[in-house]
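Student: Residues 6 to 102 (the working numbering) are what the sequence shown spells out, left to right. The C-beta atom is built at its ideal place from N, Cα and C for all residues, glycine as well. Keep in mind it's a predicted model, so treat the numbers as computed, not measured.
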Amino acid sequence: MEKLLGFLEKKSIIILVLSVFVLGYWIGVNSMQDIYRYAIVGAVYELLWFPFLMLFFLLPILNLVMLVKSKFNFKRTWLYALIINCLTIFYLFKMVG
């Protein structure tokens, strides 16, 4: 576990980019009225929904753990990735409710 956390500490920008991709994916999916209107878009959606759903749940937890581990250092990208994850959560709750 320590090796994984050490690796992620060095690669915090990857987590930030993944957070932006997750937000962009869910905004893109929710902006379409009929996701299956075009076959290729429906196929891409079917391939990507589960990995992005897992990232939706795992990234905020990972960001929070790494933010606490870095002793709330605001110079790292963990806080910004966590803010983007919170925006994703609020966006999806707004779209569902």
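Let's see if you can read the secondary structure: which residues bound the alpha helix (DSSP H) around ASN35?
Tutor: Locating residue 35 in the sequence shown gives position 30, counting from the first residue. Element bounds for ASN35: 17-36.
Student: Quick one: using the 10 Å Cβ neighbour count with 16 as the cut-off for buried, is MET37 buried or exposed?
Tutor: Taking the first residue of the sequence shown as 1, we reach residue 37 at position 32. So MET37 ends up on the exposed side.
Student: For MET71, count neighbouring C-beta atoms within 10 Å of its own C-beta (all shown protein chains included) and say buried if the count is 16 or more, exposed if not.
Tutor: For the purposes of this step, residue 71 is taken as the residue at position 66 of the sequence shown. Classification of MET71: buried, given that the 10 Å Cβ count is 16 or more.
Student: Which of helix, strand or coil does DSSP assign to ASN68?
Tutor: The count along the sequence shown starts at 1 and reaches residue 68 at position 63. Of the three classes helix, strand and coil, the one that applies to ASN68 here is helix, per DSSP.
Student: Taking the alpha-carbon positions, what's the ASN78 to VAL49 distance?
Tutor: If you number the sequence shown from 1, residue 78 lands on position 73. If you number the sequence shown from 1, residue 49 lands on position 44. If I take the Cα positions, the gap works out to 37 Å.
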